[in-house]
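The listed protein sequences derive, respectively, from chains A and B. For the record, in the first sequence the residue sitting at position 347 is 347 according to the numbering used here, with numbers rising by one throughout. Take the position in the second sequence, starting the count at 1, then add 406; the result is the number in the numbering used here. Written below as structure tokens is the structure these notes are about.
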Amino acid sequence: MKRRNFVGKVALGAMSGIIGTEIVFGSSMPLEYKPLALQDNDPYKMFAKDKEMVVLNDKPWNIEAKAHLLDDRITPNKSMFIRNNGLIPENIDAQNWTLTIDGESVKQNKTYTLAELKTKFKKYTYQLTLECGGNGRNEFDPPAKGNQWTVGAVSCANWTGIRLKDLLEDVGIKQDAVYIGYHAQDLHLTRDPNKEPISRGVPMKKALMDETILAFQMNGKDIPLAHGYPLRLVAGGWPASVSGKWINRISIRNKEHDGEKMTGSSYRVPKNPVAPGEEVKDSEMAIIESMPVKSLITYPKSGALLESGITLKIRGHAWAGELEVSKVMYSIDFGATWNSCSLEKPINRLAWQHFSAGIQFPKKGYYEVWAKAIDSNGEAQPMLVPGWNPKGYLNNACHRIAVKVV
Amino acid sequence: MAKSEKNKQNFKSPYRLLISGFLLLVVLLAVIFYFYDKAEATLFDTSNNDIEYVDIEEDIDKIENGIHVRTGFIEAVGMQQVINNCTNCHSAKLVTQNRMSKEGWTATIRWMQKTQNLWDLGENEGVIVDYLAKNYGPIKKGRREGLKDIEWYPLK
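Here it is as structure tokens:
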């Protein structure tokens with residue numbers, strides 16, 4: 001009877017519905033067989049993701065976590081958000097994978113095999129916070145175009161690889177180098193081979209930081225395909241789009257990199273604050289660099305019913321782009337009073353920090369627990385959605401959960 | 407008498423055949439129905455192909471509670487044009503999760519035409535923009551919305 005759920009006439013109809021075309025000879029298809037197009041369509045299986053992850057988009061694949069799924073100190077693959085601008089590469093040949101360094105500001109072009117990268121240079125492992133520039137976009141009013149991320153487009157996994165600066169030293173770069181720009185093997189949505197879905201980068205200062213690495217492992221294993229196998233640039237603390245996946249070329253530029261999604265309004269915010277909905281000229285937009293201070297309550301899950309008299313233990317993570325988080329506070333009265341959480345130091349620079357607190361509620365009723373992180377420059381998360389911008393980036397408003405004391 | 411008996415016999419014989427044929431059919435149908443989930447697809451001969459075909463066609467255009475099941479689009483004038491023109495390169499989900507005014511949707515179309523190989527929509531453009539702005543127009547949220555859809559559970 002169970003099998004009928006999958007292979008009955010209705011299922012066959014549904015299959016063709018998903019695939020978008022009639023299944024020719026569908027009626028003589030073996031019962032156990034699922035067509036390839038459909039096998040490819042279960043993101044949870046295909047990407048080994050937690051069933052509670054939320055698919056925002058299936059072409060291209062964009063999947064986010066919920067706050068409580070991010071409770072691990074080191075984010076496992078199953079709860080790591082997936083953000084794609086294009087199509088995930090179809091035929092990865094890691095054996096013959098190469099990385100070419102070129103551009104106006106290299107002394108000479110140089111190509112390395114993946115094996116050379118792994119053996120020739122010293123390896124480092126860092127836990128690095130990667131947050132999508134558009135995380136929290138769904139709260140902007142008027143709404144901003146794009147995937148409507150809520151809170152779950154952030155992760156902090158262990159990445160192992162080589163320092164980009166070690167590699168660039170080996171290549172030799174000129175004094176006039178300004179920016180690096182990556183190129184990768186993903187496909188444009190239109191499958192037009194002349195179009196790159198995304199080609200972003202960072203200024204030399206960020207490129208040469210110790211923690212900016214070319215990674216070939218995530219959490220001690222080969223990087224999962226959706227996260228950039230076999231080679232990913234990882235530059236923590238900046239919009240995750242600079243951490244290019246499936247990297248096969250890095251250009252050392254003598255000017256700001258002008259690749260896809262570097263120009264116009266992509267990953268940019270107004271230089272000067274604007275009113276909600278205001279039109280902003282491209283020339284008035286500036287590239288986002290370090291991400292703002294932010295935090296997430298990962299335990300308990302929102303909606304907890306708590307017995308009166310019991311202390312609620314909350315915990316979560318806080319991060320602040322290039323900076324460190326100096327304090328995390330919580331409020332149960334919508335910001336009228338704030339209490340300090342205990343906060344751990346980051347395991348390394350650009351890793352998120354863990355906070356926790358024990359909360360006693362004065363009486364029965366409905367509460368919201370709000371968390372607010374403050375960075376080492378004294379900047380705090382706002383309780384309201386911060387400055388509106390045309391593409392809906394950088395919403396670092398306080399996270400909150402609902403609790404009822406019964 | 408004998409003659410009429412004989413007539414009866416003559417009459418009965420095809421009648422009986424018809425009844426037993428009908429019974430056989432009923433039994434056969436029951437057996438097929440019973441073993442349906444265990445049966446190999448090849449058991450069904452070509453006469454069943456038509457039925458399958460109809461099922462598939464129906465499913466692609468299936469509407470449930472005003473929602474086009476396959477894409478998630480709200481059923482309204484212009485939906486078919488949107489499906490035909492807007493879901494070739496990207497998922498319908500990229501449309502349905504967004505909220506824009508007429509101007510916003512038009513600007514998005516222009517951007518796709520300029521950079522994403524979207525074709526000239528011709529006279530469909532008006533229909534498409536109207537559909538999108540009407541069904542996927544902006545919703546006022548203010549500076550911060552209240553928590554919604556809270557699923558309560560006892561915390562151990």
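Cβ atoms here follow ideal geometry from the backbone N, Cα and C, with glycine treated the same way.
Check	Outcome
Rounded to a whole number of angstroms, what is the C-alpha to C-alpha distance between Pro60(A) and Asn85(A)?	6 Å
Are the C-beta atoms of Pro544(B) and some chain A residue less than 8 Å apart?	yes
In this structure, what does DSSP give as the bridge partners for Met329(A)?	Ser340(A), Lys372(A)
State the Cα-Cα distance for the pair His317(A) and Leu384(A), rounded to the nearest angstrom.	20 Å
Lys120(A): which of Met80(A), Trp97(A), Phe81(A), Leu167(A) sits nearest, CA to CA?	Leu167(A)
Would you please verify whether the beta carbon of Ile499(B) is less than 8 Å from any beta carbon of chain A?	This sequence places Lys at residue 499(B); Ile is not what is there. Chain A contact via Cβ: present.
Whose CA, out of Ile473(B), Ile556(B), Phe428(B), Met485(B), lies closest to the CA of Asn530(B)?	Met485(B)
Answer yes if the stretch 464-471 of chain B comes into contact with the stretch 508-527 of chain B, meaning at least three C-beta pairs across the two stretches below 8 Å, and no otherwise.	no
Work out the CA separation of Glu279(A) and Lys145(A) for me, nearest whole Å.	14 Å
What does DSSP give as the partner residue(s) for Gly201(A) in the beta ladder?	Gly181(A)
Say whether chain B places a C-beta atom closer than 8 Å to the C-beta of Gln381(A).	no
Cβ atoms of Ser497(B) and Asp192(A): under 8 Å apart, would you say?	no
Identify, in the order they occur along the chain, each residue of the same chain with its Cβ nearer than 8 Å to the Cβ of Ile198(A), setting aside the five sequence neighbours on each side.	Asn85, Gly86, Ala184, Asp186, Ser241, Gly244, Gly259, Glu260, Lys261
Can you list, in chain order, the residues of its chain with a C-beta nearer than 6 Å to that of Ala207(A)? Leave out the 5 residues immediately preceding and following it.	Leu164, Ile180
How about the stretch 86-100 of chain A and the stretch 63-70 of chain A: do they share at least three Cβ pairs that are nearer than 8 Å?	no
Of the choices Lys45(A), Met204(A), Asp176(A), Glu284(A), whose alpha-carbon is the least far from that of Ser105(A)?	Asp176(A)
Checking 8 Å against the spacing of the C-beta atoms, do Val151(A) and Thr129(A) come in under that value?	no
Taking C-beta to C-beta, are Val406(A) and Ile297(A) nearer than 8 Å?	no
Pull the bridge partners of Asn62(A) from the DSSP assignment, please.	Asn57(A), Arg83(A)
Helix, strand or coil: how does DSSP classify Tyr542(B) here?	coil
Could you give the first and the last residue of the continuous beta strand (DSSP E) run that contains Cys156(A)?	154-163
Kindly indicate if chain B contains any beta-carbon less than 8 Å away from that of Lys404(A).	yes
Quick one: what does DSSP say Ile288(A) is sitting in, helix, strand or coil?	coil
Hey, how far is the Cα of Ile534(B) from the Cα of Pro544(B)?	16 Å
Starting from Gln486(B) and walking both ways along the alpha helix (DSSP H), at which residues does that stretch end?	485-492
Can you list, in chain order, the stretches of the beta strand (DSSP E) that have 3 or more residues and sit fully within the stretch 242-272 of chain A?	247-253, 268-270
What are the boundary residues of the beta strand (DSSP E) that includes Gly316(A)?	312-319
Determine contact between the stretch 357-369 of chain A and the stretch 384-394 of chain A, defined as no fewer than three beta-carbon pairs at a distance below 8 Å.	no
Any residues in the stretch 303-317 of chain A with a beta carbon nearer than 9 Å to a beta carbon of chain B? Which ones, in chain order?	Gly303, Ala304, Leu305, Leu306, Glu307, Ile310, Leu312
Indicate the three-state DSSP secondary structure (helix, strand or coil) for Met518(B) in the structure shown.	helix
So if I threshold CB-CB distances at 7 Å, which residues from the stretch 479-503 of chain B count as touching chain A?	Cys495, His496, Ser497, Lys499, Leu500, Gln503
Below 8 Å between beta carbons is the criterion; list the residues of the stretch 530-557 of chain B that meet it against any residue of chain A, in chain order.	Pro544, Ile545, Lys546, Lys547, Gly548, Arg549, Arg550, Glu551, Leu553, Ile556, Glu557
Within the same chain, show all residues whose beta-carbon is closer than 6 Å to that of Arg315(A), passing over the 5 residues directly before and after it, in chain order.	Tyr299, Ser356
With the cut-off set at 8 Å, would you say Ile288(A) and Val274(A) are in Cβ contact?	no
Excluding the 5 residues flanking Asp71(A) on each side, which residues of the same chain have their C-beta closer than 7 Å to its C-beta?	Thr298, Tyr299
Between Pro143(A) and chain B, is the shortest Cβ-Cβ distance under 8 Å, so that the two count as touching?	yes
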